[in-house]
Amino acid sequence: MTARDPVARETIRRSQQSAMPDGREAAAPDAHGAGGAHRQDRVPGWLQTGAGWSWRLLIIAVVVYLVARVFGVLYIVVVPCVAALLLTALLQPLAGRLRRAGLPALAATWCTLLIAAAVLGGLGWLISARVSAEYPTLVAEAKHTATQIESLLSGPPFHLKNTNVKNLLNNIPKYVSTHRSVIEGTVVTGGRIAAEFFGGLVLMLFVMFFLIKDGERIWNWLIGKMQPHNARRWDRAGRASWTAVVYYMRGTVAVAAIHGAVVGIALWIMGVPLALPLAVLVFMAAFVPLVGLLVAGALAVLVTLATKGWLDAVILVIVLVVEDQLEAHLLQPQVVGRVIRLHPLGIILALAVGGVLAGIPGALVAVPVVAVITRAVPELRRREPPDSPDPPDPGDPP
């Protein structure tokens, strides 16, 4: 290396330092321009959050739609299985008591099913006998009431023409006479519908039999396929959900029995025909919370109006309104609300969604499904076993 090299290096260094500010000034606009372009292309935070929620909700909606379509195609399988689950929740405590009394599992299951069949069969025979015996009275009293209403509307203050009144009121006994099958019960016609009904009934009985007999074994087999820590969480969630369904069915049966008894006694006191069948109809309709009582009560009011006149019909409406308020403020919170703490608005929304997705079966299972979700989700999110044990399970999960 020559002596001129340090001088050359110093000269180059000074020239670079003198050129650096210009270079920075030249580079600054580029950096500023790039940063500005980056800031201009950046998506606002609120829009990113909204987009993230949107595509997630869209995926959930698509999944729900596909599940609903699958259930719609397989309704003949899904509906009997769901009905079997609900009936198992109602009957399994009885089977558990029979087992604790010393009966084997198979004998306890058969005894439970036979008791349920005997109760339903006896109730059906009693309803059919009462309908056959009291139907002529219903038709005769409907004609008599139509004549009374005709006289009322023809006089003051209505002064309607007799011809119009007769055309209107003659439809009441005519409808009652020609729609006897509707009042007695829906008659299943057609080979396809009958085959689907009996096929679903047989499937429901088979599923219910094995759920009552081997429910604990089936549940242990399901959670046995999981990792131990996941199995414990799902076991807690399943048992909590099953407890909610069992208590829901018990509470619903108690509330429905109260409704049926009150309406039946009121109809019997007023001397309305078909009091027992209408009371049973109210009992069955009460399994749809809040809405079922209104629908069945409306039919009872129409029968009362057609047979006993408007005064008795108004009295029955008052009874139904008071009963509805008692259900909303006393029966549901005290009987059902111990396990399922849902606001009436939540119940209505659940019924609406279930009815839209699956019709009457969807409305029947909407509240139990919501109860299962509200009990299962906290248990699934809990990583450690609960500090305090849950109340004793009335039945093992299926």
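Residue numbers (the working numbering): 694 to 1091.
Cβ atoms here follow ideal geometry from the backbone N, Cα and C, with glycine treated the same way.
None of these values were measured; they are calculated from a predicted model.
Segments assigned alpha helix (DSSP H), at least 4 residues, entirely inside the region 907-967: As far as the region 907-967 is concerned, its whole alpha helix (DSSP H) runs of at least 4 residues are 921-963.
Where phenylalanine 976 sits in the DSSP three-state scheme: The DSSP-derived three-state label of phenylalanine 976 is helix.
For alanine 794, the first and last residue of its enclosing alpha helix (DSSP H): No alpha helix (DSSP H) contains alanine 794, which DSSP labels as neither H nor E.
Beta-carbon gap between valine 981 and leucine 1044 smaller than 8 Å: In this structure, leucine 1044 lies closer than 8 Å to valine 981 by Cβ.
CB of valine 824 within 8 Å of CB of valine 938, strictly: In this structure, valine 938 does not lie closer than 8 Å to valine 824 by Cβ.
Alpha-carbon to alpha-carbon, leucine 816 and alanine 822: Using only the alpha carbons, I get a separation of about 10 Å.
Valine 1118 - containing alpha helix (DSSP H), residue span: The requested residue 1118 is not part of the displayed model; the chain covers only 694 to 1091.
Through-space distance from valine 956 to alanine 950, alpha-carbon basis: When rounded, the distance between both Cα atoms is 10 Å.
Alpha-carbon spacing of leucine 783 relative to leucine 791, whole angstroms: Using only the alpha carbons, I get a separation of about 14 Å.
Own chain residues within Cβ distance below 6 Å of leucine 1013, not counting five before or after: Correct list, in chain order: Gly990.
6 Å CB neighbourhood of glutamate 827 in its chain, flanking five on each side removed: Taken in chain order, the residues that qualify are Pro966 and Leu967.
Alpha-carbon to alpha-carbon, tryptophan 935 and valine 1062: Cα-Cα distance, rounded: 11 Å.
Contacts around alanine 959, its chain only, beta-carbon distance under 8 Å, and the 5 residues preceding and following it disregarded: If we look at alanine 959 and ignore the five residues flanking it on each side, its Cβ neighbours are Ile1008, Leu1009 and Val1012.
Cα-Cα separation between leucine 780 and leucine 894, rounded to whole angstroms: The straight-line gap from Cα to Cα measures roughly 12 Å.
Where arginine 1074 sits in the DSSP three-state scheme: Of the three classes helix, strand and coil, the one that applies to arginine 1074 here is helix, per DSSP.
Start-to-end residues for the alpha helix (DSSP H) that takes in alanine 991: Segment 984-1001, the alpha helix (DSSP H) holding alanine 991.
Cβ pair count under 8 Å reaching 3, the region 923-931 against the region 1052-1060: The region 923-931 makes no contact with the region 1052-1060: fewer than 3 CB pairs, one atom from each, lie closer than 8 Å.
Proline 760 burial status per 10 Å Cβ neighbour count (16 or more: buried): One point to set straight first is that residue 760 is valine, not proline, in the sequence displayed. When all chains shown are included, valine 760 counts as exposed.
Residues near leucine 1050 in its chain [Cβ-Cβ closer than 6 Å; skip 5 each side]: Listed in chain order, the non-local C-beta contacts of leucine 1050 below 6 Å within the same chain comprise Ala761, local neighbours out to five positions each way being set aside.
Within 8 Å, strictly: CB atoms of leucine 986 and aspartate 1017: Against a cut-off of 8 Å, the Cβ pair of aspartate 1017 and leucine 986 comes out as a contact.
Cβ contact (3+ pairs, closer than 8 Å) linking the region 909-924 and the region 968-975: By the Cβ test, the region 909-924 is not in contact with the region 968-975, since fewer than three Cβ pairs between them sit closer than 8 Å.
Beta carbon of alanine 801 nearer than 8 Å to that of valine 900: With a cutoff of 8 Å on beta-carbon distance, alanine 801 and valine 900 are scored as not near each other.
Inter-residue spacing [alpha-carbon to alpha-carbon] between leucine 1171 and methionine 977: Only positions 694 to 1091 of the chain appear in the structure, and residue 1171 is not among them; the question remains open.
Residue environment, arginine 910, which counts as buried when at least 16 other CB atoms sit within 10 Å: It counts as exposed.
Proximity to isoleucine 808 [Cα-Cα], best of Leu787, Ala924 and Gly892: Taking each of Leu787, Ala924 and Gly892 in turn and checking the Cα distance to isoleucine 808, the smallest one comes out for Leu787.
Within 8 Å, strictly: CB atoms of proline 773 and methionine 897: Cβ distance < 8 Å, so proline 773 and methionine 897 count as in contact.
Proximal residues to proline 1071 (C-beta, below 7 Å), its chain only, five neighbours per side dropped: Taken in chain order, the list of residues that qualify is empty.
Status (buried if at least 16 other CB within 10 Å, exposed otherwise) for threonine 879: Bear in mind that a pLDDT of 43 at threonine 879, under 50, signals an unreliable position, so the number given afterwards is only what the model happens to contain. Counting Cβ neighbours within 10 Å, threonine 879 comes out exposed, since fewer than 16 surround it.
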